[in-house]
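Visitor:
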Amino acid sequence: MPEAPPLLSVVIAVHNEAGNVMPLAGEVARALEGAPQIAEQYEIVFVDDGCTDSTALEIRHLMTADARIRLVVHEHRTGLSAAIRSGVRHASAPWIMTCDGDGQNDPADMPRLAARAWEGGQDAGVIVCGWRTNRQDSWRKRMASRFANAVRKAVLHDGCPDTGCRLKLFRRDTYLMLPFFNGLHRFMPALFRHYGHTVINMPVNDRPRRLGVSKSDIVGRGLKGLADLLGVYWLLRRTPKAHKATETH
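This is how it looks when you write it as structure tokens:
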């Protein structure tokens with residue numbers, strides 16, 4: 001008898017995270033196997049977004065020991081939103097959990113997000129967003145994120161205090177219906193809400209990066225973020241809000 005498909009796919013986009021992916025995979029496995037609502041019903045989908053170090057080699061080593069670990073490879077770096085989309089498209093489960101590849105997100109929070117999302121059943125139209133209340137980044141990053149979050153909330157009214165947190169849980173089919181663009185990962189709460197889904201924000205633990213350096217460009221990200229914000233504002237103004245519809249025969 002073929003194995004049942006997993007309930008949850010953990011999608012982790014990485015670019016040059018050698019030394020981080022192996023301990024992270026172990027933490028994810030321990031967190032999910034200890035959660036009664038998930039147990040063995042999960043997979044981990046790593047997306048190698050144009051890595052030039054030994055990240056892919058480390059992931060392939062993990063795959064030899066655990067069939068639930070999978071690898072999607074981009075020949076060239078495409079950016080975080082495109083990498084996440086690749087992982088979601090290759091995922092097997094109806095629910096997706098995204099997570100940072102540098103170890104700053106704490107996998108111990110994953111079962112709590114799942115339990116909250118599934119309070120109304122596993123068909124619930126929700127997105128649960130992590131909210132890093134104890135940010136471990138540099139003061140420059142914290143100040144830039146605080147400013148960006150304030151501007152975005154004022155314009156889009158998405159009710160999300162921390163869209164930059166990668167720890168998010170949502171349904172795969174809902175995500176794949178969203179219009180795609182680079183930068184989508186920061187505007188998912190606004191789009192989910194506009195299309196009639198509930199946005200839930202949950203405090204989660206934030207940790208210092210284990211190894212390597214951040215790939216974030218604060219100035220460049222700010223300029224791109226402003227252009228994206230204007231684009232999403234236009235999109236939401238031009239897209240009718242979701243409403244209930246019934247089919248007749």
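If you count the sequence shown from 1, position 224 lands on 224 in the numbering used here, and the numbers rise without skipping. Each residue gets a CB set at the ideal place from its N, CA and C atoms; glycine is no exception. Keep in mind it's a predicted model, so treat the numbers as computed, not measured.
1. Where do the N-terminal and C-terminal ends of the alpha helix (DSSP H) with P111 fall, by residue?
2. Could you check how far apart the C-beta atoms of K168 and I127 are, in whole angstroms? I think they sit under 8 angstroms.
3. How is F187 classed by DSSP in three states: helix, strand or coil?
4. Would A227 be called buried (16 or more neighbouring beta carbons within 10 Å of its own) or exposed?
5. Does the stretch 96–115 touch the stretch 65–74, meaning 3 or more C-beta pairs lie closer than 8 angstroms?
6. How about L8 and I38: do their beta carbons lie closer than 8 angstroms?
7. Reducing DSSP to helix, strand and coil, say where L169 ends up.
8. Could you give the distance in angstroms between the alpha-carbon of R193 and the alpha-carbon of W131?
9. Does the beta-carbon of P240 have 16 or more other beta-carbons within 10 angstroms, so that it is buried, or is it exposed?
10. Around the C-beta of E43, are 16 or more other C-beta atoms found within 10 angstroms, so that it is buried, or is it exposed?
11. Opposite D206 in the DSSP bridges: which residues?
12. From P179 to V155, what does the alpha carbon distance come to, in whole angstroms?
13. Starting from the Cα of N16, find the closest Cα among E58, A31, M188 and give me that residue.
14. Whole angstroms is fine: what's the gap from A271's alpha carbon to N182's?
15. What does a CB cutoff of less than 7 angstroms around R209 pick up in its chain, not counting 5 residues either side in sequence?
Guide: With the structure as the only source:
1. 110–117
2. 6 angstroms
3. coil
4. exposed
5. no
6. yes
7. strand
8. 17 angstroms
9. exposed
10. buried
11. N105
12. 19 angstroms
13. E58
14. No answer is possible for residue 271: the residues shown for the chain start at 1 and end at 249.
15. D102, G103, Q104
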